[in-house]
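Chemist: Here it is, the structure, as structure tokens.
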Amino acid sequence: MCSGQCSMRFIVFMAANPISDAAQPRIAKGVRLQVDSATGKTVLLFPEGIVELNETAQEILSRCDGRTLSEIVSDLAEEYDADPATLVADVRETLADLQQRKLIELT
Amino acid sequence: MPATKTHVNVPRPYALLAEVTYRCPLHCPYCSNPVAVGSAVLSGEHVAQPSPAPNALSRLRIATARQGRAAHATANDGELTTDEWKRVIREAAALGVLQIGFSGGEPLARRDLTELVRAARDANLYTNLITSGIGLDDDRVRDLRDAGLDSVQLSFQSDQPDLSDEIAGARAHRRKLDVASKIRAAEIPLSLNFVIHRRNIDRLPQMIELAETLGAERVELANVQFYGWAFLNRAALLPTYEQVARAREIATAAKARLAGSMEIFYVLPDYYESRPKPCLNGWGQRYLTVNPIGDVLPCPTASSAIPDLHFENVRARNLDWIWRESESFTRFRGTEWMPEPCRSCPQREIDFGGCRCQAALLTGNAANTDPVCEFSPNRASVDAVLRDVSSSSDHARKWTYRVNPKLLAYL
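Chains R and H, in that order, give the protein sequences. Residues in the first sequence are numbered from 305 upward in steps of one, following the numbering used here. Residues in the second sequence are numbered from 12 upward in steps of one, following the numbering used here.
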């Protein structure tokens, strides 16, 4: 019924404010995290969109259950024996990207 | 083209558009449904088109004349049954599909919609309902939610009741407002879909405001694309350059202002672009559509825009074969089919030559470069349409309302 479905790639993402250490990211309402049985990879499903997650994003999103950004960073640092100071930028960037697409919400 | 081909690198589809019915209580003049839906078209009995194609209107007259000879179809004549749709859903999931959009027509016109949504969830699909909202009462909202519906895309024609009802050709706006609140109350994620055209484009700020007021997570502002009824009504619907330029500024600013709170999805008016849209992300790459009678289409508008292409039906073939092997899906898959200037263009894997339906509608040959492209030898045909927009008076811009197939059958 809508006449715009064929043009789904015309999206421009805008920069938003940086995410604070105390923010609690959660998967947004209407977004589903699921394993794609065709590839075994984890995907996010949302209205007219699918994002295939890389390993980093998958590790971050699996921890978006009420933990704060700094808790997520320290969990990941421990799990992968990495430096939290270098990890935090990656996590922040990934979450900011997901937030701008409304795939996560911050509380 | 060889009679048999091996398809070693056939991609898997991600999304199925399930057009469960062409019946609709609204009569929007921009509907992308086929203008002629009668038994002649439904049975795949296509009339050969003169080549090169005559202008848009004479093509549509052919379709209407053909319709006039059609048998008297009942409202849901030939629609797939519940069990057939369930099979289609299972076959789509097995093929790799992750998302299904229930659309139409008005999908709520099918009494078995809840059952189909449940079948889609059972197959682990993300389920979207793309609807006018008419027919969505408290019971149905609850049933759909309980069946696992993931998201509703509710159409609005504008922010103003009178203008909206005039565009829809039905008293619908106030009912839609009520439906939006029912969806919110049921806590189903809500998108508002607006099709943008000459008559409502100046209301863009108010339409965005309506989406905010109604608590939508997402708003789709889709400039009308010219297929189906919209192609028939192009002169009445095409906005001016000034309108388009203003709308773009408004959408961009709103996107920045609402980032992170409401997603704004702006679909460009492609006639005003110099490069074509990457239609469907390539033919037969990610999407498939099954129409009400079971024809499987690479794109919902292909059946009417490309009459010389034969489409397979789910009653005769399984979806896997149709996706991988059928002529309709393989004809424009990849880049081998491309003529110049696409064939040697560095953009060929970015925009895929644009839209096959648009090439067919505007040049008479679906294999041509989308004439929106500045490198197309047919770009002048688009420019002529744009020139015409600024020269003729509003008085001459009456549109034809969409009518339901059962009415068309008696023309």
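Each residue gets a CB set at the ideal place from its N, CA and C atoms; glycine is no exception. Note that the structure is predicted; figures quoted are calculated from it, not measured.
Tell me where the beta strand (DSSP E) around H:TYR298 begins and ends.
Modeler: Taking the first residue of the second sequence as 1, we reach residue 298 of chain H at position 287. Its beta strand (DSSP E) spans residues 298 to 301.
Chemist: Under the rule that 16 or more other beta-carbon atoms within 10 Å means buried, what is R:SER366, buried or exposed?
Modeler: For the purposes of this step, residue 366 of chain R is taken as residue 62 along the first sequence, with counting starting at 1. When all chains shown are included, R:SER366 counts as exposed.
Chemist: Can you say whether H:THR411 is buried or exposed, counting buried as having 16 or more other CB atoms within 10 angstroms of its CB?
Modeler: By 1-based counting over the second sequence, the position of residue 411 of chain H is 400. The residue in question, H:THR411, is exposed, as its Cβ has fewer than 16 Cβ neighbours within 10 Å.
Chemist: Look at the alpha carbon of H:LEU71 and the alpha carbon of H:ALA134, and state the distance between them as a whole number of angstroms.
Modeler: Mapped onto the second sequence, residue 71 of chain H falls at position 60. Mapped onto the second sequence, residue 134 of chain H falls at position 123. Reliability of the predicted coordinates at H:LEU71 is poor, the pLDDT of 38 falling under 50, and the value obtained from them is presented with this limitation in mind. Approximately 39 Å, taken between the alpha carbons.
Chemist: Which stretch, first to last residue, makes up the alpha helix (DSSP H) that contains H:ILE317?
Modeler: What you label residue 317 of chain H is simply residue 306 of the second sequence in a count that begins at 1. Unbroken run through H:ILE317: none, as it is neither H nor E.
Chemist: Spatial neighbours of H:GLU360 within its chain, please: C-beta separation below 6 Å, excluding the five flanking residues on both sides.
Modeler: Translated into positions along the second sequence, residue 360 of chain H becomes position 349. For H:GLU360, where only same-chain residues beyond five positions count, there are no Cβ hits under 6 Å.
Chemist: So, under 8 Å CB-CB, H:TYR41 and H:VAL206 are touching, yes? Tell me the CB distance rounded to an integer number of Å.
Modeler: Here residue 41 of chain H refers to the residue found at position 30 when the second sequence is read from its first residue. Here residue 206 of chain H refers to the residue found at position 195 when the second sequence is read from its first residue. About 5 Å; that satisfies the 8 Å criterion.
Chemist: What is the DSSP secondary structure of H:ASN139, reduced to helix, strand or coil?
Modeler: Here the question's residue 139 of chain H lines up with position 128 in the second sequence. Note: H:ASN139 maps to strand in three-state DSSP.
Chemist: For R:ALA393 and chain H, any beta-carbon pair shorter than 8 Å?
Modeler: As a working note, residue 393 of chain R is residue 89 in the first sequence. By this cut-off, R:ALA393 is not an interface position.
Chemist: Identify every residue that forms a DSSP beta bridge with H:LEU165.
Modeler: Translated into the one-based positions of the second sequence, residue 165 of chain H becomes position 154. Its beta-bridge partners are H:THR142 and H:LEU203.
Chemist: Using a Cβ-Cβ cut-off of 8 Å (strictly less than) and excluding sequence neighbours within five positions of H:GLY107, which residues of its own chain qualify?
Modeler: Position 96 of the second sequence, counting from 1, holds the residue named residue 107 of chain H. Cβ neighbours of H:GLY107 beyond the five flanking positions: ARG23, PRO24 and TYR25.
Chemist: Identify whether H:GLY305 lies in helix, strand or coil by the three-state DSSP scheme.
Modeler: Counting from 1 along the second sequence, the entry for residue 305 of chain H is found at position 294. Three-state result, H:GLY305: coil.
Chemist: Roughly how many angstroms lie between the CA atoms of H:SER43 and R:ARG396, to the nearest whole one?
Modeler: Counting from one through the second sequence, the residue named residue 43 of chain H turns up at place 32. Counting from one through the first sequence, the residue named residue 396 of chain R turns up at place 92. Roughly 41 Å separates the two Cα atoms.
Chemist: Determine the contact status of H:LEU37 and H:ALA183, defining contact as a CB-CB distance below 8 Å.
Modeler: In the second sequence, counting from the first residue as 1, residue 37 of chain H sits at position 26. In the second sequence, counting from the first residue as 1, residue 183 of chain H sits at position 172. In this structure, H:ALA183 lies closer than 8 Å to H:LEU37 by Cβ.
Chemist: Report yes if the CB atom of H:THR138 is closer than 8 Å to the CB atom of H:ILE111, and no otherwise.
Modeler: The sequence position of residue 138 of chain H within the second sequence is 127, counting from 1. The sequence position of residue 111 of chain H within the second sequence is 100, counting from 1. Going by C-beta atoms, H:THR138 is nearer than 8 Å to H:ILE111.
Chemist: For R:LEU380 and R:LEU373, which I take to be in contact (beta-carbon distance under 8 Å), what is that distance rounded to the nearest angstrom?
Modeler: For the purposes of this step, residue 380 of chain R is taken as residue 76 along the first sequence, with counting starting at 1. For the purposes of this step, residue 373 of chain R is taken as residue 69 along the first sequence, with counting starting at 1. About 11 Å separates the two Cβ atoms, so there is no contact after all.
Chemist: Going by the DSSP bridge assignment, what does R:THR346 pair with across the sheet?
Modeler: Stepping through the first sequence from its first residue, residue 346 of chain R is reached at position 42. R:VAL339, per the DSSP bridge assignment.
Chemist: Using DSSP bridges, identify the partner residues of R:PRO329.
Modeler: Counting from one through the first sequence, the residue named residue 329 of chain R turns up at place 25. R:PRO329 is bridged to R:LEU410.
Chemist: Going along the segment 360 to 379 of chain H in order, which residues come within less than 7 Å of chain R, judged by CB to CB distance?
Modeler: Listed by position, the residues of the segment 360 to 379 of chain H near chain R (Cβ gap below 7 Å) are CYS366.
Chemist: Using a 10 Å radius around the Cβ and a threshold of 16 neighbouring Cβ atoms, would you call H:GLY144 buried or exposed?
Modeler: The sequence position of residue 144 of chain H within the second sequence is 133, counting from 1. By the 10 Å Cβ count, H:GLY144 comes out buried.
Chemist: Let's see if you can read the secondary structure: which residues bound the beta strand (DSSP E) around H:PHE276?
Modeler: Looking up residue 276 of chain H in the second sequence gives position 265. Element bounds for H:PHE276: 274 to 278.
Chemist: Say whether chain R places a C-beta atom closer than 8 Å to the C-beta of H:SER401.
Modeler: Taking the second sequence and counting its residues from 1, the one referred to as residue 401 of chain H is at position 390. No, its Cβ sits nowhere closer than 8 Å to a Cβ of chain R.
Chemist: In whole angstroms, give me the CA-to-CA distance for H:VAL396 and H:ALA233.
Modeler: Within the second sequence, the letter at position 385 stands for residue 396 of chain H. Within the second sequence, the letter at position 222 stands for residue 233 of chain H. Cα-Cα distance, rounded: 20 Å.
Chemist: Using a Cβ-Cβ distance under 8 Å, would R:GLY344 count as near chain H?
Modeler: As a first step, residue 344 of chain R must be located in the first sequence, where it is residue number 40. Answer no: the Cβ-Cβ gap between R:GLY344 and chain H never drops below 8 Å.
Chemist: Is the Cβ-Cβ distance between H:PHE340 and H:GLY295 less than 8 Å?
Modeler: Counted from its first residue, the second sequence places residue 340 of chain H at position 329. Counted from its first residue, the second sequence places residue 295 of chain H at position 284. In contact: H:PHE340 and H:GLY295 (Cβ atoms closer than 8 Å).
Chemist: Kindly say whether H:ALA270, judged by its beta-carbon, lies nearer than 8 Å to any beta-carbon of chain R.
Modeler: Start at 1 with the first residue of the second sequence, and residue 270 of chain H comes out as number 259. Output row for H:ALA270: interface = yes.
Chemist: Assign H:VAL31 to one of three DSSP states: helix, strand, or coil.
Modeler: The sequence position of residue 31 of chain H within the second sequence is 20, counting from 1. H:VAL31: coil per DSSP, three-state reduction.
Chemist: Going by beta-carbon coordinates alone, are H:ILE194 and H:VAL128 separated by less than 8 Å?
Modeler: As a first step, residue 194 of chain H must be located in the second sequence, where it is residue number 183. As a first step, residue 128 of chain H must be located in the second sequence, where it is residue number 117. It is not a contact, given that the beta carbons lie outside the stated cut-off.
Chemist: Can you list the residues of chain H that R:GLY370 reaches, using a CB-CB cut of under 7 Å?
Modeler: In the first sequence, the residue the question calls residue 370 of chain R occupies position 66. Going along chain H, no residue has its Cβ under 7 Å from R:GLY370, so there is no contact; the nearest lies around 19 Å.
Chemist: What ranges does the alpha helix (DSSP H) occupy inside the segment 350 to 403 of chain H, keeping only unbroken runs of at least 4 residues that lie completely in it?
Modeler: You should have 359 to 362, 367 to 374 and 390 to 402.
Chemist: What distance in whole Å lies between the Cβ atoms of H:GLU228 and R:GLY334, which are believed to be in contact at a cut-off of 8 Å?
Modeler: Working through the first sequence from its first residue, we reach residue 334 of chain R at position 30. Working through the second sequence from its first residue, we reach residue 228 of chain H at position 217. Their Cβ separation, rounded to whole angstroms, is 6 Å, which keeps R:GLY334 and H:GLU228 in contact under 8 Å.
Chemist: In three-state terms, what does DSSP make of H:ASN292?
Modeler: On the second sequence, position 281 is the one that residue 292 of chain H refers to. The answer is helix: DSSP assigns H:ASN292 an H, G or I state.
Chemist: Can you have a look at R:PRO351 and say buried or exposed, based on whether 16 or more other CB atoms are within 10 angstroms of its CB?
Modeler: Taking the first residue of the first sequence as position 1, residue 351 of chain R is located at position 47. With 16 or more other Cβ atoms within 10 Å, it is buried.
Chemist: Step through the CB atoms of chain R and report whether any lies within less than 8 Å of the CB of H:GLY107.
Modeler: One-based indexing of the second sequence puts residue 107 of chain H at position 96. Closer than 8 Å to some Cβ of chain R, the Cβ of H:GLY107 qualifies, so yes.
Chemist: Just the Cα atoms here: how many angstroms apart are H:GLU223 and H:SER355?
Modeler: Locating residue 223 of chain H in the second sequence gives position 212, where the first residue counts as 1. Locating residue 355 of chain H in the second sequence gives position 344, where the first residue counts as 1. In a straight line, the C-alpha of H:GLU223 is about 45 Å away from that of H:SER355.
Chemist: Mapping DSSP to helix, strand and coil, what is H:SER43?
Modeler: Reading the second sequence from its first residue, position 32 is the one you call residue 43 of chain H. Of the three classes helix, strand and coil, the one that applies to H:SER43 here is coil, per DSSP.
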